[in-house]
């Protein structure tokens, strides 16, 4: 795991600028720094290194190809790089490597195969900057699902990119002008989806995409090399015909292959273990293929509804791992909050960021790499929301359409008596024309749209897939989540929390072969009205007693509701939402924000939106001082 950076056409103080960019992401690569500059000065690449594979100087970056034509700055891991070597050898390509790093193999593949074929052959997580010196062309590429971040934009006349938004923001001519058009999206979801960032003119490259820019480096072209949407459609059209038992066996085989590949490292590897189905399955197979005891890590809290540490400890004992757990106090968890603006670089308000940061900090004491169980909910229908949407839509369909439409309009009428915001939401749900629209409307409440003083539009990448793209309603919603929520919330949380502790995370469930297999499964192999993640549960049943597997889903979060009500966070909230401060705000509607805060204190509702607002205010305050 590393950090990459670079720019074009910045002749003045170029070295000072690239060193500032590298320094801003030192946490992503504390082991070494690298800088490369084209002879005429037009291109500069930077790199921070976290040494995981090939710890020698032969793995240092930026790296120049054997012919001298290509230069790469690479963040991530190519898990199947040894298979790529074999394929090139089979094609009769002469190979001569200086070391054993995946970066050197990737660079040779780019030279021989070109960027599209190389990326299609590669399995891994990555953000890549590749400079073609012959054609004066830069390529940026991001992995298929968005595990690794990559920001880009023009700073003045200079095309600029980096793994971390802070690395761009530190440049002296970066205006850091807030993108007001995206604020309502943030206040609905608690994160800013790609391709947007909090700053105008700075973007996130979307997963599975390539950006190409050529001399004079004044205009870019972006295109996909892989599409989750296409994979989902192909899977539906080539449905798996075996039994659910056969599917479970095949999933176990694919997981074993994925974990075997992802264990490749020249440093110790561990795993997060929350006690849930996904991480427990990963750890079970990891322990099976490990010669000694796998190292596992769990964070616990002294709050019954938010603590899975006891279950994790039981599972670790059954599997025989070397288990480390740490129970944290409310004070220790809250101490992370002031660090969040620096860790995430833009407003990001998934409260499970706190335990994720703390478990990463715990694991970093022993290992440089951990396996994580993310992806199971989105690929195997693990969220209860999917069942709720299906049931709600089926119930709604029993109401005649003309009555749905009429009642929807009545509920949304300003003359409607009662809880106006709840009535407005009922109206939106009744007026939904598809299960996908029902799903989105449930999240985009009326009050969220009023928090910001600016555009009330919501920029949701999933909206274009709401018209029944796939046959199964739940599959469409899973696709929407995998296109936005998963990369921009879940994977962002995991990457930033771990990298803040210089820890590399790897996610076996997001292996390309597993994603393709998951989309080929019938929905009834994933869920029914009572059980979620059926095929994944079947794998875990082979290793862990069913009574431990089939516990109610808890999630990985913190008791925000209680902290805001009774703890020290109430004072913190009152300070950030002080009426005088809000009156002076360029961005927030004071009356709406105060109403949400008061409504929470009186009725215990909207606490998630309070967190979104407070994180924004805290981020704003921290960045005013930069």
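Numbering (the numbering used here), first residue to last: 1263 to 1888. Just so it is clear, CB atoms sit at the ideal spot from N, CA and C, and this is done for glycine as well. Values in this document were obtained by computation on a predicted structure and should not be read as measured data.
Rounded separation between residue i and residue j - CA only
i	j	result
residue 1352	residue 1743	39 Å
residue 1600	residue 1606	11 Å
residue 1781	residue 1408	18 Å
residue 1467	residue 1456	7 Å
residue 1597	residue 1464	30 Å
residue 1477	residue 1524	37 Å
residue 1305	residue 1398	9 Å
residue 1820	residue 1503	42 Å
residue 1881	residue 1756	19 Å
residue 1413	residue 1424	5 Å
residue 1501	residue 1285	49 Å
residue 1613	residue 1823	11 Å
residue 1697	residue 1646	14 Å
residue 1474	residue 1376	13 Å
residue 1236	residue 1421	Limits of the chain in this structure are 1263 at one end and 1888 at the other, which puts residue 1236 out of reach.
residue 1670	residue 1837	Note on residue 1670: pLDDT 45, under 50, position unreliable in the model; no value is reported.
residue 1653	residue 1521	36 Å
residue 1733	residue 1797	20 Å
residue 1957	residue 1869	Because residue 1957 is not part of the residues shown, which for the chain are 1263 to 1888, the question remains open.
residue 1552	residue 1745	33 Å
residue 1699	residue 1705	10 Å
residue 1295	residue 1702	44 Å
residue 1563	residue 1593	11 Å
residue 1908	residue 1534	No answer is possible for residue 1908: the residues shown for the chain start at 1263 and end at 1888.
residue 1512	residue 1518	10 Å
residue 1730	residue 1814	30 Å
residue 1603	residue 1453	13 Å
residue 1751	residue 1544	21 Å
residue 1611	residue 1872	10 Å
residue 1650	residue 1759	31 Å
Residue range of the unbroken beta strand (DSSP E) whose run includes residue i
i	result
residue 1767	1766-1768
residue 1570	Here residue 1570 belongs to no beta strand (DSSP E), and DSSP marks it neither H nor E.
residue 1309	1305-1311
residue 1562	1557-1563
residue 1337	1332-1340
residue 1629	Element bounds for residue 1629: n/a, residue is neither H nor E.
residue 1402	1399-1404
residue 1415	1413-1417
residue 1532	1531-1534
residue 1393	1386-1394
Residue i, enclosing alpha helix (DSSP H) - first and last residue
i	result
residue 1229	Beyond the ends of the chain as shown, which are 1263 and 1888, falls residue 1229; an answer cannot be given.
residue 1642	Here residue 1642 belongs to no alpha helix (DSSP H), and DSSP marks it neither H nor E.
residue 1586	No alpha helix (DSSP H) contains residue 1586, which is instead part of the beta strand (DSSP E) from 1584-1590.
residue 1758	1754-1761
residue 1474	Premise fails: residue 1474 lies in the beta strand (DSSP E), 1471-1476, not in any alpha helix (DSSP H).
residue 1366	1364-1375
residue 1775	1774-1782
residue 1607	From DSSP, residue 1607 is part of no alpha helix (DSSP H); its letter is neither H nor E.
residue 1809	1808-1811
residue 1431	1427-1431
residue 1281	1276-1286
residue 1701	1697-1705
residue 1733	Segment: none, residue 1733 is in no alpha helix (DSSP H) and carries neither H nor E.
Cβ neighbours of residue i in the same chain (closer than 6 Å, five flanking residues each side left out)
i	result
residue 1335	1266, 1307, 1309, 1323, 1324 and 1391
residue 1762	1289 and 1605
residue 1773	1520
residue 1585	1558 and 1578
7 Å CB neighbourhood of residue i in its chain, flanking five on each side removed
i	result
residue 1582	1549 and 1555
residue 1445	1714, 1716 and 1849
residue 1374	1350 and 1355
residue 1389	1266, 1337, 1338, 1404, 1410, 1411, 1412 and 1425
residue 1764	1289, 1292, 1312 and 1626
residue 1341	1385, 1386, 1523, 1524 and 1526
residue 1876	1835 and 1838
residue 1469	1404, 1405, 1406, 1407, 1408 and 1749
Own chain partners of residue i with C-beta closer than 8 Å, once the 5 adjacent residues on each side are dropped
i	result
residue 1530	1557, 1628, 1629, 1630 and 1631
residue 1228	Since the first and last residues shown for the chain are 1263 and 1888, residue 1228 lies out of range.
residue 1806	1542, 1546, 1577, 1580 and 1581
residue 1331	1373, 1394, 1395 and 1396
Test: residue i CB closer than 8 Å to a CB of chain B
i	result
residue 1562	Any reference to chain B falls outside this structure, which holds one protein chain only.
Quiz item: Contact between the stretch 1430-1445 and the stretch 1772-1780: three or more CB pairs below 8 Å?
Solution: no
Quiz item: Would you call the stretch 1508-1526 and the stretch 1491-1500 touching, i.e. three or more CB-CB distances under 8 Å?
Solution: The stretch 1508-1526 vs the stretch 1491-1500: no contact.
Quiz item: Does the stretch 1848-1862 come close enough to the stretch 1612-1626 to have 3 or more Cβ pairs within less than 8 Å?
Solution: no
Practice problem: Return the chain-ordered ranges of every beta strand (DSSP E) run that is complete within the stretch 1474-1525 and spans a minimum of 3 residues. | Solution: 1482-1486
Quiz item: Which runs of the alpha helix (DSSP H) fall wholly inside the stretch 1823-1875 and span at least 4 residues, in chain order?
Solution: Counting only runs that start and end inside the stretch 1823-1875, the alpha helix (DSSP H) elements of at least 4 residues fall at 1831-1838, 1841-1845 and 1852-1865.
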